[in-house]
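Trainee:
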Amino acid sequence: MIKRVSIQLNQSLVCGGCAFVERDGQTETIFFDVVKSLPITVIVGSRGKQLTDKDADFYEKSLLELFIKHDIPLKIGAYLVSA
């Protein structure tokens, strides 16, 4: 479950940051980039290293839904995610 999102880089076509997720009872950091296209695209880093492809796909889908559902602005900042 994604608890918080922090956007730390904001360029004209892409922004990047990290998501703090609860996984197996521990908080982990998932790094991601968002391509500001229509529709937006989320790319999770550490695919095949920290995360399996299946987990990375899950977090990409979850983050995309989160950005759309909660209307999180693609600007530098930290955003708490409500349940």
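All the letters of the sequence shown, read from the start, carry residue numbers 344 to 426 under our numbering. Beta carbons are placed, not taken as given, at the ideal position from N, Cα and C, and that holds for glycine. Note that the structure is predicted; figures quoted are calculated from it, not measured.
#1: Any idea if Gly420 is buried or exposed, counting beta-carbon neighbours within 10 angstroms, 16 or more meaning buried?
#2: Is Leu406 near Val385, with beta carbons less than 9 Å apart?
#3: Taking 6 Å as the limit between beta carbons, can you name the residues of its chain near Asp376, skipping five residues before and five after?
#4: Tell me, to the nearest whole angstrom, how far the beta carbon of Ile345 is from that of Leu417; I am working on the premise that it is less than 8 Å.
#5: Identify which residue in Tyr422, Leu409, Leu423 and Asp400 has its Cα closest to the Cα of Gly388.
Mentor: By the coordinates alone:
#1: Along the sequence shown, one-based indexing puts residue 420 at 77. The residue is exposed, with fewer than 16 neighbouring Cβ atoms inside 10 Å.
#2: Within the sequence shown, numbered from 1, the residue matching residue 406 stands at position 63. Within the sequence shown, numbered from 1, the residue matching residue 385 stands at position 42. A Cβ-Cβ contact shorter than 9 Å links Leu406 with Val385.
#3: The count along the sequence shown starts at 1 and reaches residue 376 at position 33. Cβ contact annotation for Asp376 (same chain, cutoff 6 Å, sequence separation greater than five): Val357, Gly359 and Ile386, in chain order.
#4: The residue you call residue 345 lines up with position 2 of the sequence shown. The residue you call residue 417 lines up with position 74 of the sequence shown. In this structure Ile345 is not in contact with Leu417, their Cβ atoms being roughly 16 Å apart against a cut-off of 8 Å.
#5: One-based indexing of the sequence shown puts residue 388 at position 45. It is Asp400 whose Cα lies nearest to the Cα of Gly388.
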